[in-house]
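Q:
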Amino acid sequence: MDSQKLFLQYFLLLILLAFSSSKDTLTINQTIQDGNFMISRENNFALGFFSPRSSKFRYLGIWYHKVREQNVVWVANRNNPINDSSGVLSIDQYGNLILYSNHNQQVPVWSANVSVEDTGTCVAQLLDTGNLILVQDSSKGVVWQSFDHPTDTVLPGMKLGLDRRTGMNRFLISWRSANDPGVGNFSLQINPKGSPQVFLYWDIKCIWRGIAWPLKSYADETNVSFVNNQDEIYMSYVLSDASVFQRVILDYSGLVKKQTWHEKDGKWKEFWSVTMSFCDPYAHCGSYGICDPNYVSRRFECDCLPGYEPKSARDWHILKDASSGCVRKRLESISVCGHGEGFVKVTHVKVPDTSTAIWVSMNMSPRDCEKDCRRNCSCSAYASIDIAGKGTGCLTWYGKLMDTVHNIEEGYDIYVRVDAVEIDEIAQNSNGFFKRKDMLAVLVVSVVSAWLIIILFVCMWLKKKKKKRVRNKWSKRWLDTIGNTYYKQTWEENEVEGDMSHPKIAFFSLSTILSATSNFSPANKLGEGGFGMVYKGTLSNGKEVAVKRLSKSSAQGIEEFKNEVLLIAKLQHQNLVKLIGCCIQGQEPMLVYEYMPNKSLDSFIFNETRRSTLNWRKRFDIIVGIARGILYIHQDSRLRIIHRDLKTSNILLDEEMNPKISDFGLARILKRDQSQEKTNKIVGTFGYMSPEYVVFGKFSTKSDVFSFGIILLEIITGKKSNSFCQEDSYPSMIGKMWHLWREERALEMVDSSLQESCSVHKVLRCIQIGLLCVQEDALERPDMSTVVVMLNSEDSLPTPKQPPFIFKRSSNSSSSLVIKEKGFYSVDEETITELVCR
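The sequence shown begins at 1250 in this note's numbering and counts up one residue at a time.
(1) Quick check on this structure: which residue in V1999, R1798 and Q1823 has the alpha carbon closest to the alpha carbon of L1840?
(2) According to DSSP, simplified to helix, strand and coil, what is G1786?
(3) Can you give me the C-alpha to C-alpha distance between L1863 and I1872, rounded to a whole angstrom?
(4) Could you pull out every unbroken alpha helix (DSSP H) segment of at least 4 residues lying fully inside the segment 1986-2044, listed in chain order?
(5) Give the DSSP bridge partners of E1843, in chain order.
(6) Could you pull the DSSP bridge partners for N1472 from this structure?
(7) Does the distance from the C-beta atom of R1425 to that of L1409 stay below 7 angstroms?
(8) Touch check for the segment 1951-1965 and the segment 1906-1921: three-plus C-beta pairs under 8 angstroms?
(9) Check for me: the beta strand (DSSP E) holding W1865 runs from which residue to which?
(10) Pick out whichever of N1899, E1318 and G2019 has its Cα sitting closest to the Cα of G1515.
(11) With DSSP as the reference, please indicate the residues paired to A1755 in a beta bridge.
(12) Just how far apart, CA to CA, sit V1523 and R1458?
(13) Ignore the nearest five residues each way along the sequence and tell me which others in V1794's own chain have a CB closer than 8 angstroms to its CB.
(14) If you draw a straight line from the alpha carbon of D1429 to that of L1338, how long is it in whole angstroms?
(15) Look at the alpha carbon of D1885 and the alpha carbon of L1820, and state the distance between them as a whole number of angstroms.
(16) Indicate the three-state DSSP secondary structure (helix, strand or coil) for Q1354 in the structure shown.
(17) Return the residue from the list R1624, C1586, L1644 and G1336 that minimises the CA-CA distance to T1603.
(18) Please report the straight-line C-alpha distance between G1284 and F1299, rounded to a whole angstrom.
(19) List the residues that DSSP assigns as beta-bridge partners of N1345.
(20) Please identify the residue among E1777, V2036 and T1605 whose C-alpha is closest to the C-alpha of G1443.
(21) Straight-line CA distance for T2048 to D1851?
(22) Assuming the contact rule is C-beta atoms closer than 8 angstroms, A1995 and L2003 should be a hit. Round their C-beta distance to whole Å, please.
(23) According to DSSP, simplified to helix, strand and coil, what is G1406?
(24) Whose CA, out of L1554, G1503 and M1982, lies closest to the CA of Y1450?
(25) Could you give the first and the last residue of the continuous beta strand (DSSP E) run that contains P1430?
(26) Taking one C-beta from the segment 1395-1402 and one from the segment 1472-1480 each time, how about it: are there three or more such pairs within less than 8 angstroms?
(27) Could you give the residue range of the alpha helix (DSSP H) that holds A1562?
(28) Which residues in the same chain have their Cβ closer than 7 angstroms to the Cβ of Y1501, if we skip the five residues on either side of it in sequence?
(29) So L2093 and L1348 are supposed to be a Cβ contact under 8 angstroms. How far apart are they, rounded?
(30) Just reading off the beta strand (DSSP E) that F1298 is part of, what are its end residues?
(31) Identify which residue in I1672, L1901, V1944 and Q1438 has its Cα closest to the Cα of G1776.
(32) Tell me the residue span of the beta strand (DSSP E) that contains G1776.
(33) Shortest alpha-carbon distance to W1987 belongs to which of K1620, P2053, E2029 and G1933?
(34) Opposite Q1508 in the DSSP bridges: which residues?
(35) Near G1390, what residues of its chain come up, given a Cβ to Cβ distance below 8 angstroms and the 5 sequence neighbours on each side ignored?
(36) Between G1878 and E1558, what straight-line distance do the alpha-carbon atoms span, to the nearest angstrom?
Next comes the structure, spelled out in structure tokens:
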């Protein structure tokens, strides 16, 4: 009896040991099937199959085992998901780690892509660091590791950078969405050009740059190291406390976050991230510009480096747009070298982009560093930087100075090359005016010059005053409207600081406008709207503009002009058309906008020839751009604005087909605590107006959501909302779309030119979002922040409810509806045979 009991205990011990071994490693002829997982010996990480949130697909990945919520740090088959739970991970006879789907054992879903000669036994093991390694058992050499192929997460001990010997580049790529670990739009990688540094990219466009090496020490538990030698360029970090869980993640929205797990609170806490505040976007102030996050005293965050001035003073000081950058104050000084030029110190800055910089020496005195830069006329700046354990390094720039930021904790001092005149001006300011030997002579000359200037100015002013008296009398009427009490009060309630009742815009003379448009030549006419004619113009500096001219016969007038000036001049967003200025001379006020070479969206989607140039990818980008623009005016701008006239003809397209919302003549401002407003005058375009606005005159942000839903469906179908053909039984586009959606035939409405380029799943999702936006009940419609999330995620959507104005014709009748100021009437006398309006 005792022997049987002893045998049973021994047998159970063998089973336990076998199970423990199989879960710690994977060898040839062993497999891991979906439903089982392998845990490292210290149990910090787990390897296995998972489905992200509500996704039905299966992926092989690594996640924290001791963290309560599943946080995946690495994904193998991120672009090739498995449709069911048939995944199998194994090592083949060549030592290659391979992932199969049980339904197809011939073609792997993913593999480590290695081949080992004389393998003997190959072993895959998940280390306690979260690194999955493939080891050749005979030599104990690592032939492959997951740390060399990161996805969206950097763990302690992982290298981020380039291996010069093998050409391997380790960098992060974001997930597509919270439910899709596929390759997304954002990447974080080290750029090896010049002096290496970390960049955040959106596709191929740089949107953020990290602090250049050497990084100053951090006052936390992280030990960051940077290696740059003939073999490797990489960054990594380690933790002094192995019990702490820490990660750096690039999420699907493009944010870089450094987080630590707090077991007590049961969540990840963020202690650093790329915030994308004023000065964070790459080259926010253009070339030779410098950005200051603490800019309150100057009212603008951008300035120019010493010896430089804004390339376009109007853009900087009026439009607050510094993207054009700075140029030398004296162009002739560009070629001056060896004629008394020198260097001006700029303290405590994030040094300019080091892609065009080189390390002269890792051990050179500041004086020798200056001499080296001075000898080369192409050297635009230098910095003398203390490098721990190596001395003082000399870093020099050759080319444009980009992305310089002031007043940061990790900053260094740089020395910018300037000409002799600039050196002299700085010396005068620093020494004081009264210390100059020729003080008296300069004082006399200055006083006389000042009086001459005053006399000349008075004479010119009196001369111009006579000419402008009649014009100013009329122009004052327009200027007074901008100072209207209602708008002044609204601006002051919504502004954070300062008196903003008069926005800063450029005022053009009538002669400038006439010259730019060739006296409003018919050849320059771009189009015509409710406001009046729109003309293309070219200013004296070569900049192309669009001039909108208020017609005397226009139904719109002072109120609409005031809206345009007050609203668009203060709204700055990549999906809103930019107002450059206005002209109030003569009897017709005019607005001057940036020129949109591709005109309006309706000229593409409703044109049989041009619509084919807009594939599904571009149409979806246009939809997202419009949504972001509306979200900005509803929520993210300083004012809460209802557009009230959103339609495809008011969506303009720039040279890259990016959408920009225009025509704010009918827009209204809501106070922050106000959800809706009512008007007795119904204005807008039939087919785009919400039912509560048409019937009761009530408008809110949900009114614009309704209009956006119509635009979205028009972009997908290529059909106008309010002009279906007479043969169609549904005279409205949303009526037909609603009925086809209920019958699961919505794809019949999709523009035929999209058949080859569109994703059926994505198109149906967008149609569902459009129907959610045009629901009859305003409370049921999503707000624009929710719409933007819906467009950029794969989360499940609610079922839309019936939209308003669902008309259906009999075969021998037709009907239409016209909106008057205070109600409706039928245009023709024929009966509407079926009217469905809940």
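C-beta: ideal position from N, C-alpha, C; glycine also.
A: In short, the structure shows the following:
(1) R1798
(2) strand
(3) 12 angstroms
(4) 2009-2022 and 2033-2040
(5) V1794
(6) V1487
(7) no
(8) no
(9) Taken as a continuous stretch (DSSP letters only), W1865 belongs to no beta strand (DSSP E), being part of the alpha helix (DSSP H) at W1865 to L1880.
(10) E1318
(11) G1830
(12) 10 angstroms
(13) A1765, K1785, G1786, T1787, L1788, I1829, V1841, Y1842, E1843 and Y1844
(14) 21 angstroms
(15) 10 angstroms
(16) coil
(17) L1644
(18) 9 angstroms
(19) Answer by DSSP bridge pairing: none, since N1345 is not bridged.
(20) T1605
(21) 29 angstroms
(22) Not really, about 13 angstroms apart at Cβ, beyond 8 angstroms.
(23) coil
(24) G1503
(25) D1429 to N1440
(26) no
(27) A1562 to H1566
(28) S1423, W1424, R1425, S1426, A1427 and G1433
(29) Shown here, the chain extends from 1250 to 2087; a query on residue 2093 therefore has no answer.
(30) F1294 to F1299
(31) L1901
(32) K1774 to E1777
(33) P2053
(34) R1496 and E1519
(35) V1384
(36) 32 angstroms
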